[in-house]
Each structure stands twice: as C-alpha cells, then as structure tokens.
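Here's the structure we're looking at; comments come further down.
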Amino acid sequence: MRNVSVIGGGMSLFRRRLKETGKELSFLASKMAMEEAGVQRSDIDMVVMGSAPDAFDGIHMKGENLLDGAGGKDKPYVRVFNGGGTGVFAPIAGWWHVASGVADMVMVVCEEKMGSCNPHPQTAFRNIWDPILDRPLNPNLVWLFAMEMNRYMTRYDIKKEDIARVAVKNKRNAVGHPCAQLPDANITVEDVLNSEMMAWPVNRLDISPPSDGASALIYCSEEKAKEFTDDPINVAGVGWNIDSSMWTNRDLYFPDYVANAAKMAYKMAGINDPRKEIDFAEPYDPFTYKELHHLEGLLLCDKGEAPILTREGVTERDGDLPVCPSGGLLGVGNPIAATMGQKVCELYWQLAGKAGKRQIPGDPQVGVGQAWGDIMQMGTVLVMRRG
Amino acid sequence: MSEERIEGQPKYAPGTHVRSKDIRERKITYTWWEPEAQYAFSLGPANSRFLKELKAGKIIGRTCRKCDRVIVPPRMFCDWCYDTTHEWVYLKDTGTVETFSISYLDPDAHLIEDPILVGVISIDGASPKHGFMHYFGEMKPEDLRIGMKVKAVWKPKEERVGSVTDIKYFKPLIGGDE
Amino acid sequence: MNRKVCIVGVGHTNFNSMTPDVSWKEFMYDACKKAYFDAGINPRKDVDSFITCAEDYWEGFGIFDEFVPDQIGATLRPCCTVCGDGIQGMANAYMQIMTGLMDTVAVEAHSKVSDLLTYGDVVLHAMDPLFEKPVSGPVERERYAGSPSYPDNNPKPLVGSTDEKERVHPYFLAGLEMQHYLRSAKVTEEQCASVAVKNKKNAFLNPYAINQADLSSEDVMSSEYLFNPLKRLDISPLVDGAICFVLAEESVAKKLGIEPIYLNGFGYSSETPWLSTRGMDAGYARQAVNMATKMAKLKDPKKALDVVEVDDRFSYKELQHIEALGLAGPGEAAQLLEEGELYKDGSLPTNLSGGSMGVGNCLEATGLQRSLEIITQLRGLAGKRQVTDAETGLAQSWRGIPSGTGAVAIFSRNPEVKT
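From first to last, the protein sequence lines are chains W, U and D.
Mapping of the first sequence onto this note's numbering: position 124 corresponds to residue 124, and the numbering continues sequentially without gaps.
Counting from 1 along the second sequence, just add 1000 to a position and that's the residue number in this note's numbering.
Counting from 1 along the third sequence, just add 2000 to a position and that's the residue number in this note's numbering.
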C-alpha cells in the first residue's frame, strides 16, 4: 500500500443558490485546488467525481455532464455515490486510485447544485424512500431525522438545549470561513430552541441549509509529494460501511455502521485509542444531533456522552477535542457531496496550518472526517495525519 | 465574497449568490425542464404477499430459521445470513412505538398547521425492533411517546387497495402499555 | 507490487425483456447468490467489499445506493455505488484489491429497465439543460404530476418554453453519428446491417440470449427508418439482467482451488460532454484501450486477442468500436466482417455472445455482460460457441447515448498476458 499525500484543496462559495452552473462550480473548486497544489490539469492522471442525487441538478447521469468542469475530459473519470456519505467517500475512492499504484496524481471533485430543484430541494428527497413501503405515506425527509433524534434523545435522556449547543458552536465557528452560508457570531441556544418547529424534535436551526457549491482535493503518492512540500499531509486511514436498507428493522439510537467504518479506518491508521490519538474531528452535522451521534459512532466518546462534552466546552475550537472547527454543515452550508470542503479539505488545511481564522491552536497532528448517507445507513470515515 | 486574502489561508474560489428576488425581477436567465420519469416497480413475491394481506386486513412476515428471526416487512432472503427465508407467518396488528415525530412539514417542505403524527412501530410477533413506518391517530400529540402500545386502524374493506395506506393509522391500545 | 487480481466467481440472471415476477432486490440477489456459489464463498464472511453500478434515474430512486446492501450480502460491510458501467465498477474493485486493504471484492451491475416506463425521456434527461434539452422539445409538459408548472413567485423562464411539439427521442444522436461513420469510413448501411445479422445469429448459441433471429441483411434494410440512417433492426432491444463478479487477489483463488481468470488490465475514459464539440469516432474507446493495453503490457493486441466483445448497442457501433480499439484500420472493420474474420473461426471472433443485438441492451450491466462472455470463453465453458484454446480476451463497453464514456477490460488465463 503506497502512502498517499494531499497537496491541495479547493472550495467554492456556498449559497442557497449560485449563479454558476454545476460545471462552473466544479471548475472553480478544481482550479483553486490545482493552484494551491501548483499543478496543471495535464499532471493529473485520473479524476474522481462525488455528487449526490441526480434529481438536485436535474440531470440524469450528472457525473457525465459535470466532467469537463471537473477536469475529467479525455481522462479516466468516474463518479461514486452513496448519498450524504459521498463527501467523504469520494476522497476515499480517490485514495485507492493512488494507493493501488494505478495513478500517481488524482483530483477528487465534489459538486452539488440543490438550487436547481423546484419547488424545493426536499422535493427531490421524495424519491429516496422505498417506493412500496414508504412513498405511499407521502413522507418528508426531515421525518427520518426527527425520528432518529427522538430515539437518541429518549434513550439517553438528552435535553434539547444540549443538542442546540451544537448549532451555536458550529455557526460561530463558521464566522471565519470565507465560503460560509450561515455564520452567526451572536447566535444563542435560545435562538435555536425558539426557531420554527419543523418536525418535533427538529427546529429550523437544527437543520443545515441546502446549498449550491463545490470542493476539490488533489492527491499524489508520497514520493511525488516531496516535489511539492517538505511536510506532507497523508491519508492515514479510510473506512466505509453500510447498514441494511430496512431502517425500520433496527434500533436507531446508535450508528453501528459509523462505528464499523471508524474501526476500519483506525485499524489502517494504527490508532488504538482514538480519544487520545485524534486531535480534532469533523463529524457530519447536517442536523445538530448528528454531530453528537457521530462523535459516539466515531468512538471519540462513550455512548450518550457527546452532549455532555459539548456542554462542557470540550468540543469548542480551543477545547480538548475541537469538533467541526470549519463551522460544519450547520454553519458553512450543506451542498451534500461538496461538504468534502468541511469534512476532508478542512482536515488538510488544519494540519497544514492553513486554516486562517479557523486554525485550531496547538499544532494538530491527526484529524478525522466523517460523513453519513443513504437512509441513515452509510458511514464514511477518513483519517489524515501529518507526515 | 470579499476578494481580499485572509492571512494564512488560501484564496477560496468565488461564486455569485442569486437571491429569490433576482429571479422574480428577471435579473437572471434560467431554463426549465420537467423530466418525464415514470416507473412501475415490480413488487416481487415478498411485497406482493405483504400488500395482498394488508388488503385482507392482516400483517404478514417471513421467518428465517437460521437466524431465528421473524422479518416484517417480509423479504424472500435474510440479509443477516444471506440465505432464503423460510415461512410465511401472520403477525398481530398491534405493536410498540419505537420512535416518532410530530411533523409540521409537508413533502415539499411547506409548513402546515395540523401536525402529522408519524413514527416507527415494531409489530407484535416479529423480532424485536422489526416493524415499519406509519401514522398515528386518535391521540393528542402530547400523548404520543416511545414504548407506547398501539393498534392498527384499518380502512373499511371496500376501500382497501393493497397498499400500506390500507392501514389508516395506529391508535393507542388501551391498557396495553409496556 | 506483486498482487494480481482475478475473477473467481460469476453469476447472472437470465436476460429477459421483462421480469414482473421479481423486484429489483430479488433480481440482484439471484445474480449475486450464483456468483458466491460459483466462487464457493459466503459473502457475509469472505467478501471484504461490495460495489454496485447504478444510476438513480435508471432505477427510479433518489439514492439507489440505499436499496442495495441487503440483497448483495453487504449489510454492515463496506459497500458503495459507482455511477458507471460495470467495467468501471470492476476497475474500482481492482484498485481496492491492489491497495492491499481488500482481498475479495464483489461487483454487481444490472438493468431492471422494464420497471422504467419512459426510457427515451430519461435518456433525454441526461442532456445539458441549457443547450441541449431545449432544442429537443418543449420544456414543459402538462401532465407532469398534475401540478402547476410554475410556482407563483417565479415567472416563466426566458429560454424556450413555447413549442407544442413532442420531445425528440435522443437516439437521433446515434443517427447523426452513424451518418458520420458511413461517410468517414466509407461503409454502407448494408454492411452495418450485417452486424445485426451476425450477432442475432450468434445468439442462437448462447442459452442466455433472448433476441436471437435468423435474418438476412435485406430484413434489416427493410425495417423502417427510425433515426435515418438508423433502422429499427439496427437498434438493440432493452433487456433486464443482473450480473455479479467476485474479484480476488491471486492467493485467494489459490486457497479456493479455483483456476482464476486474470484481469490483466483495464482502461476507461470520458470525452467531453458537449455533443457539438465531441468527436464522432469513439475516441473514448481509443483512450481506454491505450490505458488497458499499457497496464496489461499487451504490445500487439491484434495478435494476442483470441476473443473480443465490443459494444454494439447500434449495429454501426460494433464496426466503429473495432476500429477505435485499433483492431482494424479506419474503415476496415466492415471488410473483416465480410471476410468472415469476426466469426467464431475467424481471426478476430467478435460478439459471439450475441452482443447487445442478440442478448439485449442491459444499460450499466453491458460491460459485465461483455466480460461475462470473455470469462466464459477463457474458462472453456462456452459450449457450441467456444473458441478453441482461448487464452486472452478483451471486453469493451460504452455508456450509451448521450455519453462519451467507454471502458475496456483485458482478461487472460495467465498472470501475464501471453503475446
């Protein structure tokens, strides 16, 4: 297995609607990544695209449509997809392109254009439900998360205030992020609790906003990375895992699939005690409670302990275990697959000391990023390490 | 987005924000396309039988002898052991609320006045935590809680068509609390 | 890096024009169960990673990946979707194995296209929303979900929204490309028709093919023009079919006591999505075969290949692909066909399975269907269509209209391709 290094990251502005087409967004993010790495399109051997449902962009086989914007023309180019998990899965797929020895330099591009979908991006989510068992009930996507959140809260007797703190932390963290859609330096727990009730227990500010955006990442073999940097940032571990489609046949209080993915990634990274060995985390936070649920899934705390750590400030940017220093999806925005920008590019920028105002103090060495997808069943985990 | 470079970090890629107002005022041009994507899903043996039994007012599951598992909604194969399932078994039309939500959202994310009560019900007679999603009725939102025993309320026989909506909703099962 | 990747098991359903008796889940289960049996493994313990090849709009789902794991044995295991042809899925399995992280990977691809009622419209939906869709017909359709088309607060769009005419079936693009091919390669419609004749005849010897027919090229020529110069019988019919391969590192095959078929090399490439600037000469196949032959260290493919399967979703595509793969000079494939070289006993036996013409067009499973024939031939299990002593074979696929993506896989009975 070859060591794989990250040499550049890219990320576009995230907004509810952007004027740029999906191709143009892919281009802007790719260009930034190539400029940061100091490489040309001709240096790149293969391209991996990550993008979530076709129904957002409103194009069948949308990977094909996006490929010129993503620098994939006349190159081996492939799109991978596992719903919301794609933002961390596409960089995992990029990793195996280089680690296998098949390619020396690979660009991973993630794009989502949710603003194209009318009347609302959630309309596209109608078709993520089982056509026979669920769709006749005319469900809304938020129901799923409300039901999972309720199960999690009830199991550990968690207070809504402690969950709301996640939105406060992440929206405040996002203040330093140039791409952020919903940064808010002054938001309070009361603001979250008093925001509109969507589907109890989920309030409006518990939900990350739908967005347009793109992100990109450039990998090369560690040998090649030495041409670009003396201090390479490497992919230390990858893991992914899927649970049954039948989400009504299991207990939703704990994400076993995230735990399985995390164990796989930690094993590869040689991490035995994730709590001690991991300096910061970017768990997937499309909803407030998901950050907590995922911290537990990532084995960074005990089951039911994440709300307590959050209340005690452990997960603040200057805490013992900074969580979502990027501002996460709640603060920066949620263009599904393009959240690779917060979940994986951020690991690189933090480890390389390039995170600007968001920089975690204390010279972090190891970070973990995670995403979650499909119908509450997919966990994707990537561990990055300095040198 | 500001063009100035923030100290210590790369220059992020731009993007042009479009507001709803810009669309209303025709400040941008856009195209419109309505895909004609229609499907007729083959149900397969498991779902066909399940829906047929719902039409008859019954809930049916499948057993996996290897895993000692009673599966509902039924499947022809067991995903735990990856073998075919074995027998049909009728289940009760009662169960336990595993989780729920009180939804003020319709499928297109519009807010609605009267909340929809929805949740997952594990069905009596099936393996633990095995059930499906459905509505709740004949109760106030504040009475709904996890662990509550519920019973299916069926549509009248002549209105049933072989769909999960042949059950109208689940109502509290009086005196049947866990 | 001494790892070698080989195929240790294959399984597939029958190929049928419709499969109303099973859902997509039972359909995929059927193919995968057979593949695991063929390899002699239990997927719940012995398969490290699973890949399925699918596109949401083919399936009718927002996120099809959700509805995959149970029936392929992947519950609580690493599993993902590759939105591409089966050969691209296989390529990713290859790379996973080469990292050393995985030893055994299952790849599944399928078509359940009989569930899709509006195939042409879905293909059209793959075209660019700004430049290509509006010229293909009206952007608005009245019967869409019975809902008002424009939200009150949004005015009608400024671009194309008036015409009453029906949308155009996107296969017209194949008609355009065929026109170009006929002129540039100096090939006649009759010569293209002979491809359909050959492949539908080959299908008689493939027990899994359902579109076998004993036709003459006059029959094809007299079928009606649908997308001039493309006629009804120049177009492959759609079928349902699911295929699963188990790929493994060489040592796993040894442990299982299986005589492996090696995946010596693969390649895939995508041309520009802009239809107006894309070449019409299957450049994707040329690029893909360059990558695959380099990886397989195959210097003289024409000499080394004993059996070939290329994409023939339209009859002219077989000839065009043979030329793009470098197996015939420009305009020479038709001549090879006339001289009998593309038949079982010729120098370049092509599409003995019957191809898409004889078996049917099974969407993203096309690459695996082609690979399946090569593997069957290399295993010596092809019965009456068996090529004597087949050692090395090539499978090629294309993602269909309007895509410019194609893939190639090179298989042989040997760890290194014999040249």
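We treat Cβ as the ideally placed atom computed from N, Cα and C, and that holds for glycine.
The structure displayed is predicted, hence computed values, not measured ones.
| Check | Outcome |
| --- | --- |
| Looking at the unbroken beta strand (DSSP E) that takes in M2095 (chain D), where does it start and where does it end? | No beta strand (DSSP E) contains M2095 (chain D), which is instead part of the alpha helix (DSSP H) from 2086-2099. |
| What residues of chain U sit near L2116 (chain D), judged by a beta carbon separation below 9 Å? | A1037, Q1038, Y1039, A1040 |
| Quick one, which residues of the stretch 1135-1163 of chain U are near chain W if we go by CB-CB under 9 Å, in chain order? | Y1135, P1141, R1145, I1146, G1147, S1163 |
| Looking only at DSSP bridge pairs, what is M49 (chain W) linked to? | W:R79, W:V109 |
| List the residues of chain W that A1109 (chain U) touches, going by C-beta distances under 7 Å, in chain order. | H120, Q122, N140 |
| Take V2047 (chain D) and list the residues in its own chain whose beta-carbon comes closer than 6 Å to its own, dropping the five residues that flank it on each side. | T2104, A2106 |
| CA-CA distance, G2100 (chain D) and M34 (chain W)? | 29 Å |
| Along the stretch 1011-1028 of chain U, what residues have a CB closer than 9 Å to any CB found in chain W? | K1011, Y1012, A1013, P1014, G1015, T1016, H1017, V1018, R1019, S1020, D1022, I1023, I1028 |
| Can you tell me the Cβ-Cβ gap for R386 (chain W) and L351 (chain W), rounded? I've got them flagged as a contact below 8 Å. | 5 Å |
| Would the stretch 1047-1062 of chain U and the stretch 2027-2039 of chain D be scored as touching if the rule is three or more Cβ pairs under 8 Å? | no |
| Which stretch, first to last residue, makes up the beta strand (DSSP E) that contains N234 (chain W)? | 233-242 |
| Report yes or no: is there a C-beta of chain U within less than 9 Å of the C-beta of S2434 (chain D)? | Nothing can be reported for residue 2434 (chain D): it is not among the residues displayed for chain D, which extend from 2001 to 2419. |
| Can you name the residues of chain W whose CB is closer than 7 Å to the CB of E1053 (chain U)? | Residues of chain W passing the Cβ test: none, with the nearest at roughly 14 Å. |
| Mind listing the chain D neighbours of Q377 (chain W)? Cutoff is C-beta to C-beta under 7 Å, in chain order. | E2066 |
| Go ahead and pull the three-state DSSP assignment for F2227 (chain D). | strand |
| Where does S1020 (chain U) land, buried or exposed, given buried means 16+ other C-beta within 10 angstroms? | exposed |
| Just to confirm before moving on: does the CB-CB distance between M61 (chain W) and C110 (chain W) stay below 9 Å? | no |
| Hey, how far is the Cα of Y2208 (chain D) from the Cα of F2015 (chain D)? | 6 Å |
| Which residues in chain U sit within 8 Å of N82 (chain W), going by Cβ to Cβ distance? | Ordered by position in chain U, no residue passes the 8 Å Cβ test against N82 (chain W), which lies about 17 Å from the chain. |
| Please confirm if D2030 (chain D) has its CB atom under 9 Å from at least one CB of chain W. | no |
| Which residue's Cα is closest to the Cα of M2127 (chain D): D:T2272, D:D2281, D:G2011? | D:T2272 |
| Taking CB distances under 9 Å as the criterion, tell me whether G2011 (chain D) reaches chain U. | no |
| For V383 (chain W), name the three-state secondary structure that DSSP assigns. | strand |
| Is it right to say Y2316 (chain D) is buried, meaning 16 or more other beta carbons lie within 10 angstroms of its own, or is it exposed? | buried |
| Cα separation between V106 (chain W) and S2353 (chain D)? | 36 Å |
| Which of helix, strand or coil does DSSP assign to G9 (chain W)? | strand |
| Taking beta-carbon pairs under 9 Å, can you tell me which members of the stretch 324-352 of chain W lie near chain D? | none |
| Indicate the three-state DSSP secondary structure (helix, strand or coil) for A338 (chain W) in the structure shown. | helix |
| If we ignore side chains and look at the alpha-carbon of each, how far apart do A1040 (chain U) and L2117 (chain D) end up? | 7 Å |
| Can you give me the C-alpha to C-alpha distance between Q2386 (chain D) and E2309 (chain D), rounded to a whole angstrom? | 14 Å |
| So which residues of chain W does L1105 (chain U) contact, with C-beta pairs closer than 7 Å? | N140, V142, M198, A199 |
| Using three-state DSSP, classify R250 (chain W) as helix, strand or coil. | coil |
| Could you work out which residues of chain D lie near C1081 (chain U), taking near to mean beta carbons separated by less than 7 Å? | R2044 |
| Assuming G2326 (chain D) and I2087 (chain D) form a contact by the criterion Cβ under 8 Å, report the distance between their Cβ atoms to the nearest whole angstrom. | Not confirmed; about 18 Å, so no contact. |
| Cα separation between D2121 (chain D) and T2188 (chain D)? | 30 Å |
| For S1101 (chain U), which residues from the same chain have a beta carbon less than 7 Å from its beta carbon, with the 5 sequence-adjacent residues on both sides left out? | V1118, G1119 |
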